[in-house]
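Have a look at the structure below, then the notes.
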Amino acid sequence: MDAVFRALADPTRRQLLDSLHARNGQTLNALCAEMDMTRQAVTKHLAILEEANLVTTIRKGREKEHYLNPVPINEIAERWIGKFERGQLTALSDLKRRLERKD
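Just so you know, the numbering used here puts the end of the sequence shown at 157, numbered straight through with nothing missing.
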């Protein structure tokens, strides 16, 4: 999980993830066209995202397509956000059941 936090800490990597979220399956050339940096710099950022399992690739011919993998972000949400909201959600659920109960 530390690798995911490190990867998400950089605004350039978050921008790459946003780009993949908007249009999944982009090639390196397509991603570079949206970034104001060299191809080598984008490649380094993508490597960090791949190490954190936030991006996966599929080779199609001579090109690789990059895809967003939302699973690590969901795991963070479940661990860090979910546990803080669990009490409030339980209380709301209990209230809903009591209000809908037919006496």
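Where a beta carbon is used, it is the ideal one built from N, C-alpha and C, also for glycine.
Sorting HIS120, LEU146 and PRO126 by C-alpha distance to the C-alpha of ASN78 places HIS120 at the top.
In the three-state scheme derived from DSSP, where H, G and I count as helix and E and B as strand, THR110 is classed as strand. Per DSSP, LYS156 lies in no beta strand (DSSP E) and is assigned neither H nor E.
For the 8 Å CB-CB criterion, ALA106 and ALA57 form a contact. In this structure, the alpha-carbon of GLY115 lies about 21 Å from that of ALA87. Secondary-structure assignment with DSSP links LYS137 through no beta bridge to anything. Straight-line spacing of the CA atoms in GLU117 and THR110 works out to 13 Å. Residue burial is scored here from C-beta neighbours: HIS75 has fewer than 16 other C-beta atoms within 10 angstroms and is therefore classed as exposed.
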